[in-house]
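Let me begin by presenting the structure, written as structure tokens, before commenting on it.
Residue numbers (our numbering): 33 to 366.
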């Protein structure tokens, strides 16, 4: 890399003004310390140019983890000098987790193999790592070609980012970006279970959950070449990502997760109780079973709310203890 390591004592704004403090750490980054990780599935039309692009930027340690492509993706990658691994399972998430077991350097730059991301942005992506950050997200919306994303995809991406901000309390601008830079050490601290396209979502949630120093940098995003076909299904995968955002709140924001279920129980029980009361007043009819169901729903809702409050207190305490332990560890290293 051309950028020299600099001090990490400064602070940067993230998203809409959120400021994250960086650890007091300075790192030396060289191109040979970085693994370019490219998950692929049937990307023969673009993978050669992607690898050549990173070679031109000085990054020769390219690692392609392939999902058993039916085209010539693996052969082309090997011809261009990349290390190739055929993943043992299915899905992008599984591929990334498996690939990290073979990475023997300290830093990873992960990028899709579809030719939509620019290798020239590699230095920009990696530079924050030298200043102490552990995870970097490339914001596609900062410089996106007009035809790079369909209107439905753009709407879905923005809705998901707003949902993430509301549920998990952090603004990373573009949590579905496939352009990521991170330290191997920080990756190993995360609890990742996703196998498919929800891996980016899970990475963002886990960074918030574990207090990983994360920042966002602008990158360019181009349309897929005509010969390349996407493996993404907007409606199906979009729904899966929304569900993942909600389910991951169970351990990252339990007050929202259990609180929303509790409110749902109270509201539904209230509607049933209102109907039962209206029937009794208007027609003198009693609905004992519906009344019992209403009371059970309200009681369950109240219990879920209380459980959410208690869980949130435990999560807050756990985070505070973890921060103290990490601070003690940093002090010992210094």
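Virtual Cβ for every residue (Gly too), placed ideally from N, Cα, C.
Residue pairing by DSSP puts residue 212 in a beta bridge opposite 142 and 169. According to the DSSP secondary-structure assignment, residue 250 is paired through a beta bridge with 171. Here the alpha carbons of residue 253 and residue 115 stand approximately 25 angstroms from one another. The way I'd put it, the stretch 318-334 does touch the stretch 292-308; three or more beta-carbon pairs between them come closer than 8 angstroms. Secondary-structure assignment with DSSP links residue 67 through a beta bridge to 140.
Ranked by Cα distance from residue 208, the options 220, 221, 290 and 187 are led by 187. For residue 92, the secondary structure class from DSSP, reduced to helix, strand or coil, is coil.
In the displayed model, residue 117 falls within a strand according to three-state DSSP.
Residue environment for residue 348: exposed (fewer than 16 other C-beta atoms within 10 angstroms of its C-beta). With fewer than 16 other Cβ atoms inside 10 Å of its own Cβ, residue 100 counts as exposed.
In the same chain as residue 96, and ignoring 5 residues on each side of it, the C-beta atoms closer than 6 angstroms to its own belong to 70, 72, 109, 114 and 116, in chain order. Judged by their CB atoms, residue 273 and residue 229 are nearer to each other than the 9 angstroms cut-off. Distance between residue 293 and residue 287, taken at the CA atoms: about 10 angstroms. Assigned with DSSP and collapsed to three states, residue 206 falls in coil, not helix or strand. The beta-bridge partner set that DSSP reports for residue 72 consists of 98. If you draw a 10 Å sphere on the C-beta of residue 142, you find 16 or more other C-beta atoms in it, and that means buried. Going by DSSP, residue 285 is part of no alpha helix (DSSP H) at all; its letter is neither H nor E. Our two residues, residue 92 and residue 342, have alpha carbons roughly 50 angstroms apart in a direct line.
When secondary structure is reduced to three states using DSSP, residue 278 falls in the helix class. A straight-line Cα-Cα distance of about 58 angstroms links residue 337 and residue 111. The three-state secondary structure of residue 149, taken from DSSP, is strand.
According to the DSSP secondary-structure assignment, residue 176 is paired through a beta bridge with 253.
By the criterion of a C-beta distance shorter than 7 angstroms, residue 85 is surrounded in its chain by 151, once the five residues flanking it on both sides are discounted.
Comparing alpha-carbon positions, the option among 216, 223 and 234 lying closest to residue 206 turns out to be 234.
In the three-state reduction of the DSSP assignment, residue 61 falls in the coil class.
Taking the C-beta atoms as reference points, residue 243 is found nearer than 9 angstroms to residue 351. Residue 59 is not a Cβ neighbour of residue 146, given a cutoff of 9 angstroms.
Nearest Cα to residue 74 within the set 68, 124 and 339: 124.
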